[in-house]
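Undergrad: Before we start, here is the structure in question, set down as structure tokens.
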Amino acid sequence: MMKPSFFASASALCLGLVLAIGAGSEANAAAKCIKGDRKAPYTIGWANIYSVPTWMKQTQGTIEAEVEALKKQGLVDKLVVTDAQGDANVQIQQIQSMIDSDVDAIILIAGSSTAPARVIADACAKGIAIINFDSLVDTDQVTAKVNTDSSQWGDQAAKFLIDAIGGKGKILILNGPAGVSVSDDRRKGADAELKAHPDVTVLAETNTPYNVAPAQEAVTSLLFANPEIDGILSLGGALSAGAVLALDKQGRDQVPITGENARQFLELWKEKGLKSWATMQPNWLGAFAAYTAVQALEGKDVPAFVKIPLPVIDNSNIDEYLARAKDFPTDGYIYSPYDEELFKKLLAQK
Amino acid sequence: MSTVSSARPAGALYWPVQARRNIGVRSLFVVVLAFLIAYGVLFPGLFTASGFAKFTQSWFPLALVAMAQAILMLTGGISLAIGATVSLGAVIAATTMAGPLGVAGGAAAVALTGLGIGAATGFIVVRLRLPAIVVTLAGSFIIGGAALLILPRPGGAIPEWLSDLLAGDTPAAFVLLVAIVLLWKLYLATPLGLSLYAAGENPVGAYRSGVPVDGARVAAYAISGLLSTGAGLFVAAQTGSGDPVIGAAFTLNSIAAAVLGGIGFLGGQGTMRGALAGSLLLSLMISVMFFLGFTPVAQYVAQGLIIIGAVAIPQFRKVQQ
Numbered sequence: 001m002m003k004p005s006f007f008a009s010a011s012a013l014c015l016g017l018v019l020a021i022g023a024g025s026e027a028n029a030a031a032k033c034i035k036g037d038r039k040a041p042y043t044i045g046w047a048n049i050y051s052v053p054t055w056m057k058q059t060q061g062t063i064e065a066e067v068e069a070l071k072k073q074g075l076v077d078k079l080v081v082t083d084a085q086g087d088a089n090v091q092i093q094q095i096q097s098m099i100d101s102d103v104d105a106i107i108l109i110a111g112s113s114t115a116p117a118r119v120i121a122d123a124c125a126k127g128i129a130i131i132n133f134d135s136l137v138d139t140d141q142v143t144a145k146v147n148t149d150s151s152q153w154g155d156q157a158a159k160f161l162i163d164a165i166g167g168k169g170k171i172l173i174l175n176g177p178a179g180v181s182v183s184d185d186r187r188k189g190a191d192a193e194l195k196a197h198p199d200v201t202v203l204a205e206t207n208t209p210y211n212v213a214p215a216q217e218a219v220t221s222l223l224f225a226n227p228e229i230d231g232i233l234s235l236g237g238a239l240s241a242g243a244v245l246a247l248d249k250q251g252r253d254q255v256p257i258t259g260e261n262a263r264q265f266l267e268l269w270k271e272k273g274l275k276s277w278a279t280m281q282p283n284w285l286g287a288f289a290a291y292t293a294v295q296a297l298e299g300k301d302v303p304a305f306v307k308i309p310l311p312v313i314d315n316s317n318i319d320e321y322l323a324r325a326k327d328f329p330t331d332g333y334i335y336s337p338y339d340e341e342l343f344k345k346l347l348a349q350k
Numbered sequence: 001m002s003t004v005s006s007a008r009p010a011g012a013l014y015w016p017v018q019a020r021r022n023i024g025v026r027s028l029f030v031v032v033l034a035f036l037i038a039y040g041v042l043f044p045g046l047f048t049a050s051g052f053a054k055f056t057q058s059w060f061p062l063a064l065v066a067m068a069q070a071i072l073m074l075t076g077g078i079s080l081a082i083g084a085t086v087s088l089g090a091v092i093a094a095t096t097m098a099g100p101l102g103v104a105g106g107a108a109a110v111a112l113t114g115l116g117i118g119a120a121t122g123f124i125v126v127r128l129r130l131p132a133i134v135v136t137l138a139g140s141f142i143i144g145g146a147a148l149l150i151l152p153r154p155g156g157a158i159p160e161w162l163s164d165l166l167a168g169d170t171p172a173a174f175v176l177l178v179a180i181v182l183l184w185k186l187y188l189a190t191p192l193g194l195s196l197y198a199a200g201e202n203p204v205g206a207y208r209s210g211v212p213v214d215g216a217r218v219a220a221y222a223i224s225g226l227l228s229t230g231a232g233l234f235v236a237a238q239t240g241s242g243d244p245v246i247g248a249a250f251t252l253n254s255i256a257a258a259v260l261g262g263i264g265f266l267g268g269q270g271t272m273r274g275a276l277a278g279s280l281l282l283s284l285m286i287s288v289m290f291f292l293g294f295t296p297v298a299q300y301v302a303q304g305l306i307i308i309g310a311v312a313i314p315q316f317r318k319v320q321q
């Protein structure tokens with residue numbers, strides 16, 4: 001009785017091994033969504049959710065620069081750009097149009113973390129390389145997702161601020177818009193640190209768009225209500241700039257504040273001599289997405305998720321960033337330098 | 001015998017009346033037709049079953065909200081809460097349909113919410129004599145907030161089969177739209193439907209003639225709410241999930257589609273077919289300009305020019321006469 005069952009399990013094991021090896025080599029051969037029937041030069045579709053904000057313009061700038069470089073190598077012949085003007089439904093329609101016109105790759109920043117999932121799955125089934133960066137979609141039907149870790153952002157920001165105010169005090173928290181995943185995730189990331197320090201009191205929280213004016217307005221009204229503020233946990237660069245301006249206009253002393261690589265904030269940081277910390281969502285995520293799409297189409301395996309380490313700006317390296325400020329728009333973001341070597345390294349990490 | 005003899009003059013009148021109603025929107029129909037032809041030439045895949053299905057699916061929710069706005073504007077009202085109501089419909093569908101309520105229960109919840117919100121808004125506007133624009137603006141915050149309370153961030157789920165049925169490779173959306181248009185025609189034949197135009201064009205005169213003006217207007221708000229949450233349900237099915245802010249853009253687009261379709265702000269002017277054509281043009285423009293290879297900036301300019309053109313040409317003719 002033992003023998004046949006032993007045989008059966010042994011042969012099942014062997015079969016399993018063979019299948020596993022087979023599956024493994026298949027995964028090595030090509031990235032997800034790639035069927036291998038598309039040949040260079042490729043057409044890349046860039047499905048933007050909203051082209052007006054400066055961050056988006058700078059991001060598109062890095063994509064265009066990357067596409068120019070890939071054109072010179074004969075890998076890309078066309079970049080198709082759409083702008084959904086903030087409407088997730090329009091973005092779905094535009095991605096559908098990209099599928100209809102048979103582009104080879106689609107890179108996108110999603111207008112909703114759920115809405116484009118089905119149209120993206122359709123594109124993936126047609127062998128189109130999909131690289132989703134910045135605002136991600138809850139689906140695995142993509143070639144790769146590329147992003148920094150928003151929750152880590154919130155965590156590191158909270159850590160810096162709590163340290164800077166000596167582990168206790170009254171703080172304000174400035175968030176991006178409610179109901180938006182990035183803003184939500186950054187805020188959630190800060191939770192653990194805040195809970196671990198019960199002596200840190202959160203006076204109030206704001207939800208504003210990632211713009212200076214509304215943040216300044218919101219902080220100004222909070223300043224009237226709260227005569228004593230020890231620190232500001234800001235989870236967006238324009239928000240920080242708004243807060244610093246609000247403190248300044250009210251003649252209040254600046255307090256430790258966290259931020260982002262917005263040029264305006266970095267310049268205020270230097271000008272007001274702040275004690276601060278900032279990270280960034282590098283604009284070159286766009287360039288990296290275009291690069292990754294072409295690598296996948298060329299048959300290289302790419303990881304399903306590429307986590308971009310958060311570059312940190314603090315009082316030790318702020319001058320290096322400000323030295324390059326003139327290359328960036330006044331209301332733009334001074335991103336960390338990048339090159340193809342960095343992209344290769346990021347793709348090689350597992 | 002008597003039914004036949006009374007039906008004949010009515011039938012003979014029907015088509016001339018319909019044709020006269022088309023006068024204001026004839027140029028819009030020509031523009032829409034031109035865009036349809038252009039789309040067909042640029043993208044021959046439109047004439048396949050799945051191509052046609054996908055095309056009508058991207059139009060469908062906009063068509064519904066255009067109807068939702070048009071029915072209000074015909075009674076002299078307006079709603080700034082349509083986008084928020086679409087979002088609410090979407091999150092209710094996405095949170096109920098995969099749960100114990102099931103698809104039928106979820107659809108009923110969506111429909112009742114839409115009718116309820118619409119009727120409540122209508123009651124406040126009509127009975128308390130408050131300006132619709134203020135009531136619905138405030139309503140949009142309440143409804144949008146409720147959507148965020150139900151689903152603080154995008155999520156939820158719609159059963160896969162329902163998504164495939166409504167937004168797969170079948171023309172289900174188109175069939176639904178045809179059914180809704182037929183229902184609208186039927187509604188116009190009921191007493192409440194007949195009162196709709198009268199209540200919008202000359203409420204005092206209509207009231208003195210015994211037309212249930214208030215009833216017609218409250219009913220219009222209720223139907224508008226139902227169409228909006230219905231659009232939300234469809235968007236949820238199309239995307240396979242719920243998003244508490246997915247509808248935001250529909251408010252302005254619904255007004256744009258209705259105005260483009262020749263519906264006046266003062267009530268009693270315009271036709272539903274105009275509003276539908278307006279919404280179709282807005283939807284077609286996006287795809288056609290993509291295939292023409294317009295850059296996003298050129299698209300902004302072209303969109304504005306087309307909208308002004310479609311609205312201005314009939315006015316221009318009127319002025320010349």
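So the sequences go chain by chain: S and E.
Take 1 as the starting number for the first sequence in UniProt numbering and just add one per residue.
Take 1 as the starting number for the second sequence in UniProt numbering and just add one per residue.
Glycine is no exception: its CB is placed at the ideal position from the N, C-alpha and C atoms.
Note that this is a predicted model, so its numbers are computed, not measured.
#1: Going by CA-CA distance only, name the one from E:244, E:111, E:163 that's closest to residue 146 of chain E.
#2: Alpha carbon to alpha carbon, what distance is there between residue 80 of chain S and residue 295 of chain S?
#3: Use the C-beta contact count for residue 253 of chain E: other C-beta atoms within 10 angstroms, 16 or more gives buried, fewer gives exposed.
#4: Would you verify that the beta carbon of residue 37 of chain E is, or is not, closer than 9 Å to some beta carbon of chain S?
#5: In the structure shown, what three-state DSSP assignment does residue 352 of chain S receive?
#6: Inspect the CB distances between the stretch 256 to 270 of chain E and the stretch 89 to 98 of chain E and report whether three or more fall short of 8 Å.
#7: Are the C-beta atoms of residue 182 of chain E and some chain S residue less than 9 Å apart?
#8: For residue 292 of chain S, I'd like the list of residues in its chain whose CB is within less than 8 Å of its CB, leaving aside the five on either flank, ordered along the chain.
#9: Comparing the C-beta of residue 92 of chain S with each C-beta of chain E, is any distance below 9 Å?
#10: Check whether the Cβ atoms of residue 101 of chain S and residue 291 of chain E lie closer than 9 Å to each other.
#11: Examine chain S for any beta-carbon lying closer than 9 Å to the beta-carbon of residue 170 of chain E, and answer yes or no.
#12: To the nearest angstrom, how far is it from the Cα of residue 15 of chain E to the Cα of residue 83 of chain E?
#13: Tell me, please, whether the stretch 200 to 208 of chain E touches the stretch 45 to 63 of chain E by the rule of three or more beta-carbon pairs shorter than 8 Å.
#14: Take the Cβ of residue 107 of chain E as the centre, count every other Cβ of all protein chains shown within 10 Å, and call the residue buried at 16 or more, exposed below.
#15: Let me confirm a value: residue 185 of chain S is counted as buried when at least 16 other C-beta atoms fall within 10 Å, else exposed. Which label applies?
#16: Which residues in the same chain as residue 67 of chain S place their Cβ atom closer than 7 Å to its Cβ, once the five residues preceding and following it in sequence are excluded?
#17: In the structure shown, what three-state DSSP assignment does residue 174 of chain S receive?
#18: Please tell me whether residue 86 of chain S has its Cβ less than 9 Å away from any Cβ of chain E.
#19: Return no unless some Cβ of chain S is closer than 9 Å to the Cβ of residue 64 of chain E.
#20: Would you kindly work out how many angstroms separate the C-alpha atoms of residue 141 of chain E and residue 140 of chain S, rounded to a whole number?
#21: Is there at least one Cβ from chain E nearer than 9 Å to residue 151 of chain S's Cβ?
#22: Can you name the residues of chain S whose CB is closer than 7 Å to the CB of residue 153 of chain E?
#23: Is residue 329 of chain E near residue 272 of chain E, with beta carbons less than 9 Å apart?
#24: May I ask which residues mark the beginning and end of the alpha helix (DSSP H) holding residue 158 of chain S?
#25: Can you give the Cα-Cα distance for residue 221 of chain S and residue 243 of chain S, rounded to whole angstroms?
#26: Since residue 291 of chain E meets chain S, which of its residues come closer than 9 Å, beta carbon to beta carbon?
#27: Provide the residue span of the beta strand (DSSP E) that contains residue 232 of chain S, from first to last.
#28: Leaving out five residues before and five after residue 219 of chain E in sequence, what residues of the same chain have Cβ atoms less than 6 Å from its Cβ?
#29: Return the chain-ordered list of same chain residues with a C-beta closer than 7 Å to the C-beta of residue 56 of chain S, the five sequence neighbours on each side being excluded.
#30: If contact means a Cβ-Cβ distance below 7 Å, which residues of the stretch 67 to 81 of chain E contact chain S?
#31: Keeping to the same chain, check which residues put their C-beta closer than 6 Å to that of residue 349 of chain S; ignore five residues upstream and five downstream.
#32: Check whether the Cβ atoms of residue 271 of chain S and residue 236 of chain S lie closer than 9 Å to each other.
#33: Buried or exposed for residue 12 of chain S, please, with buried defined as at least 16 other CB atoms from any protein chain shown within 10 angstroms of its CB.
#34: Could you tell me the boundaries of the alpha helix (DSSP H) in which residue 325 of chain S lies?
#35: Does the pairing of the stretch 106 to 115 of chain S with the stretch 306 to 316 of chain E give three or more beta-carbon distances under 8 Å?
#36: At a Cβ threshold of 9 Å, is residue 308 of chain E touching chain S?
TA: According to the structure shown:
#1: E:244
#2: So the two alpha carbons sit approximately 18 Å from each other.
#3: buried
#4: no
#5: Since the first residue of chain S shown is 1 and the last is 350, residue 352 of chain S is not available in this structure.
#6: no
#7: no
#8: 131, 143, 144, 146, 302, 306, 343, 347
#9: yes
#10: Yes, the Cβ-Cβ distance between residue 101 of chain S and residue 291 of chain E is below 9 Å.
#11: no
#12: 35 Å
#13: Taking a contact to require three or more Cβ pairs closer than 8 Å, the stretch 200 to 208 of chain E and the stretch 45 to 63 of chain E do not qualify as touching.
#14: The residue is buried, with at least 16 neighbouring Cβ atoms inside 10 Å.
#15: buried
#16: 44, 76, 79, 290
#17: Strand, per DSSP.
#18: yes
#19: Chain S, which has no Cβ nearer than 9 Å to the Cβ of residue 64 of chain E, makes this no.
#20: 34 Å
#21: no
#22: 179, 181, 184
#23: In this structure chain E extends from 1 to 321, so residue 329 of chain E is not present and cannot be described.
#24: 150 to 164
#25: 11 Å
#26: 97, 100, 101
#27: 231 to 234
#28: Contacts found: 192.
#29: The residues are 48, 50.
#30: none
#31: Beyond the five residues adjoining it in sequence on each side, residue 349 of chain S comes within less than 6 Å, by CB distance, of no other residue in the same chain.
#32: Against a cut-off of 9 Å, the Cβ pair of residue 236 of chain S and residue 271 of chain S comes out as no contact.
#33: Model confidence at residue 12 of chain S stands at a pLDDT of 48, short of 50, so the residue's coordinates are unreliable; what they give is reported in the following sentence. Classification of residue 12 of chain S: exposed, given that the 10 Å Cβ count is below 16.
#34: Premise fails: residue 325 of chain S is in no alpha helix (DSSP H) and is neither H nor E.
#35: no
#36: Taking CB atoms only, residue 308 of chain E has no neighbour in chain S less than 9 Å away.
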